[in-house]
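Mapping the sequence shown onto full-length UniProt numbering, position 5 (from 1) lands on 5, and the numbers just tick up by one. Beta carbons are placed, not taken as given, at the ideal position from N, Cα and C, and that holds for glycine. Input: a single structure, listed below in structure tokens.
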Amino acid sequence: MVAADRFFCILRRENHQIPNAASEKVHNVEVHEGDWEAHGSIKLWKYTVEGKEEILKEKVLVDDANKSVIFVALEGHVMEEFKSYKIIYKVAPKTDESSMVKITLDYEKLNENIPDPNKYLQFLVNLVKDIESHLIISLNFVVYISSFVCALSWDHGGCIEDLN
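What follows is the structure, given as structure tokens:
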């Protein structure tokens, strides 16, 4: 359970650590309104997807009891193609040293000509892998996008408390 708690902590209250874990993907995260820990805080992300620098302003919704964090897009590049866009992370312990991270990408396209957000899905999977590499914990990922399910798994041992 320690591994699940640590991973949830990064998603829930330590987003500022993510550029340390994934500097090639996430360049900066800053609080726009609220603080790092408050439910409803608004954060501004600067990141690169498929070689293109993008920004995302999002509102953070937290469910501590279920270890889930929802990032609701408010502004940014994704909103050029989507009416709504939410990233939902749910972290669950498998054992004391391993966890499962479920990523659900919930979106509505502006029109049917817009492609599915596969580039963002791949970005999120790789981002979680980078965080996992820094934490050195065992994770199983279940990635949900609409009705599509993809399961990825691997094992590592130990846990590092600091991402630096």
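Rounded to whole angstroms, what is the Cα-Cα separation between residue i and residue j?
{"i": "Asp130", "j": "Asn20", "result": "10 Å"}
{"i": "Tyr120", "j": "His16", "result": "20 Å"}
{"i": "Glu80", "j": "Glu24", "result": "23 Å"}
Measuring alpha carbon to alpha carbon, tell me which residue in the options is nearest residue i.
{"i": "residue 193", "options": "Phe123, Pro117, Lys59 and Lys102", "result": "Residue 193 is absent from the structure shown; the chain starts at 1 and stops at 164."}
{"i": "Ser98", "options": "Glu132, Glu33, Val29 and Leu110", "result": "Glu132"}
{"i": "Leu61", "options": "Ile55, Glu54 and Phe71", "result": "Phe71"}
{"i": "Asp73", "options": "Ala65, Asp64 and Tyr85", "result": "Per the sequence shown, the amino acid found at residue 73 is Ala instead of Asp. With distances taken between Cα atoms, Ala73 lies closest to Tyr85."}
{"i": "Val26", "options": "Glu33, Asp64, Gly51 and Glu108", "result": "Gly51"}
Keeping to the same chain, check which residues put their C-beta closer than 6 Å to that of residue i; ignore five residues upstream and five downstream.
{"i": "Phe8", "result": "Lys67 and Val91"}
{"i": "Glu75", "result": "Lys57"}
{"i": "Glu53", "result": "none"}
Enumerate in chain order the residues of its own chain whose CB-to-CB distance from residue i is below 8 Å, with the five nearest sequence positions on each side excluded.
{"i": "Trp36", "result": "Arg13, Glu14, Asn15 and His16"}
The alpha helix (DSSP H) spanning residue i covers which residue range?
{"i": "Asn15", "result": "No alpha helix (DSSP H) holds Asn15; DSSP gives it neither H nor E."}
{"i": "Asp116", "result": "Element bounds for Asp116: n/a, residue is neither H nor E."}
Starting from residue i, trace the beta strand (DSSP E) in both directions and tell me its first and last residue.
{"i": "Ser98", "result": "Ser98 to Lys109"}
{"i": "His39", "result": "Note, His39: premise wrong, no beta strand (DSSP E); not H, not E."}
{"i": "Asp63", "result": "Lys52 to Asp63"}
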